[in-house]
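Below you'll find the structure, written out as structure tokens, and then a few comments.
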Amino acid sequence: MTMSRSAVLRVLWGLSLSAAFLQMPARPAFAGSFVIDDVTVIDATGKPAQGHMRVTVEGNRIIGVGPAAGQALPAGAVRIDGAGKFLIPGLWDMHVHLVDIDEPAIPILPYYGITSVRDMGGDLAKVQGWRTQIEKGELVGPRIKACGPMLEGKWDARFGQRTDHVVVANPEEARATVNRLADQGADCIKMRTYASPETYFALAATAKARHLPFVGHAPWGVEPIDASNAGQASFEHAYYPWPWADLPAEKRLAIEETFRKNSSLVDPTLIAWESFRFPEAVIAAVVNDVAAKTDPRQRYISAALRRNWISGLADMREQGPGTPGWGKAIDQVYEQVAEMHDHGVGILAGTDSGATMVYPGASLHQELKLLVAKCRFTPMDAILTATIVPAKQFHMEDRLGTIESGKLADLVLLAEDPLQDIANIQQIAGVMLNGKWMDRAALDALATGVERRVAAESQK
């Protein structure tokens, strides 16, 4: 089955971008002393939006947040006009695979207002190398928290597949692997599968002993309450236990109470699930669209990511994407997330960037829209999943996640109010990344640079 370009465009859900984002002249990012003046601040502390505010930045820190009226401009400060605009903290994507996105395309993340990420499976040395480049100013990219390789109960590597998986076949290997990754500077430990409950609990206990968040997939065969009590800090993809609706109501409430007590979070990656709604022909058309005819965001897809998408399509083919059963299953995931949120379980915004049809950066905006449209979140609730809630997982709430004096200057300036419509999270007028300001023109230059590097890479 083949599909025309127009048919693909009609079927793809929510994937359009404003062309205006790609048409403005270039201007480089710069750092120094700034005043974002007369802006509405949505600070993510729980306060309502505050109008006509001034946010002052010196170096890479916020040094003042207060009313704009009657204040003189600090000497030497650059004034950024915030009139009619809205300021939110920099966004986190809590489930990315940077090795799949690959270095040429990493700058596309700040383009979408993503100033921090949690890497959930990749070559640790490579990711740490990119982090060093970012810190030195050699590469524009987000702050990175990295788990290192994905830990597996067993893994049969096949030619051409990703190799960033490590087998932990027993408790002894589990303890040794976690200690090795901790010694190498991992920021978290990612479990994907495990060989036995004993291996799982050894992973959890060793991560706890090394003061690292233990995160990952559902530990099938381990009760969710036991997993939370063992210290699993986040459960990825929101399918644990599944189907949620089939559990007795009292058991669901007991799980939710335990998750709240232990601050165990759920990272649903809804946008990754959404790709299974599409028929295989639609997915194939997108995956193989090197010319970016189906979607302009294809211009930012690196050769490495396209290879992973193609590999992912082969895996998806075996699972029958586009069938009615997938639609029902995804709707059940929405209801699970909605109920957990209603009952106070913490939800993280993550996308599984690297997975097939999940566009780096843009997918986080889609994720937030899905939380509001499908899971009974308010726009403010959705913003918190990508700001203060992620910061707390890494005990960084004293530095990131809100707009307050003393915090690191990771900020996103929006042209429209995201509390009126969460889709306005896309209307980015500027991004401040660790105190470096990028206006709309600088962001567009960033995207153009990614497009050129990706195009050059694809011709090799």
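Numbering (the working numbering), first residue to last: 218 to 677. Glycine included, every Cβ here is placed at the ideal spot set by N, Cα and C.
When we look at the beta-carbon of His612 and count the other beta-carbons within 10 Å, is it buried (16 or more) or exposed?
-> It is exposed - the Cβ of His612 has fewer than 16 other Cβ atoms within 10 Å.
Check whether the segment 491-498 touches the segment 647-656, taking contact to mean three or more Cβ pairs, one atom from each stretch, closer than 8 Å.
-> The count of Cβ pairs closer than 8 Å, one atom from the segment 491-498 and one from the segment 647-656, stays below three, leaving the stretches out of contact.
Selected residue, minimal CA-CA separation from Tyr417, among Gly402, Ala386 and Asp400 | Tyr417 has its Cα closest to that of Ala386, out of Gly402, Ala386 and Asp400.
Straight-line gap, Val671 to Ser519 (C-alpha atoms, nearest Å) | Each residue's CA atom was taken as its position, placing Val671 and Ser519 some 5 Å apart.
Closest to Asp463 by CA distance: which of Gln553, Ala603 and Ile361 is it?
-> Selected option, being the one with the closest Cα: Gln553.
Helix, strand or coil for Met367, going by three-state DSSP, please let me know.
-> Met367 falls in the strand class under three-state DSSP.
Specify the secondary structure class of Phe594 as computed by DSSP and reduced to three states.
-> Note: Phe594 maps to coil in three-state DSSP.
List the DSSP bridge partners of Ile297.
-> Looking at the DSSP assignment, Ile297 forms a beta bridge with Ile253.
Whole angstroms is fine: what's the gap from Met597's alpha carbon to Ala435's?
-> Computed Cα separation, rounded: 28 Å.
Along the beta strand (DSSP E) that carries Arg335, what are the first and last residues, could you check?
-> Here the beta strand (DSSP E) through Arg335 covers Ile331 to Asp336.
In three-state terms, what does DSSP make of Ile323?
-> Ile323 falls in the coil class under three-state DSSP.
In the structure shown, what three-state DSSP assignment does Arg477 receive?
-> Taken through DSSP and simplified to helix, strand or coil, Arg477 comes out as helix.
Please classify Gln449: does DSSP put it in a helix, a strand, or coil?
-> Secondary structure of Gln449 (DSSP, three-state): strand.
For His558, the first and last residue of its enclosing alpha helix (DSSP H) | Pro541 to Asp559 is the extent of the alpha helix (DSSP H) around His558.
Is Gln515 helix, strand or coil by DSSP?
-> If DSSP states are grouped into helix, strand and coil, Gln515 belongs with the helices.
Gln267 versus Val258: straight-line alpha-carbon distance, rounded = Cα to Cα, the separation comes out at about 5 Å.
Span separating the alpha-carbon of Trp372 from that of Asp381 = Distance between the alpha carbons of Trp372 and Asp381: 10 Å.
Glu556 versus Gly263 - alpha carbon distance = Glu556 and Gly263: Cα-Cα distance of roughly 21 Å.
Is the beta carbon of Ala204 sitting closer than 8 Å to the one on Leu429?
-> In the structure as shown, the chain starts at 218 and stops at 677, and residue 204 therefore has no counterpart that could be examined.
Write down the C-beta distance between Val274 and Val282 rounded to the nearest angstrom, noting that I regard them as a contact closer than 8 Å.
-> Contact flag wrong, Cβ pair sits at about 10 Å.
Tell me Met408's beta-bridge partners as DSSP assigns them.
-> Answer by DSSP bridge pairing, in chain order: Leu368 and Gly433.
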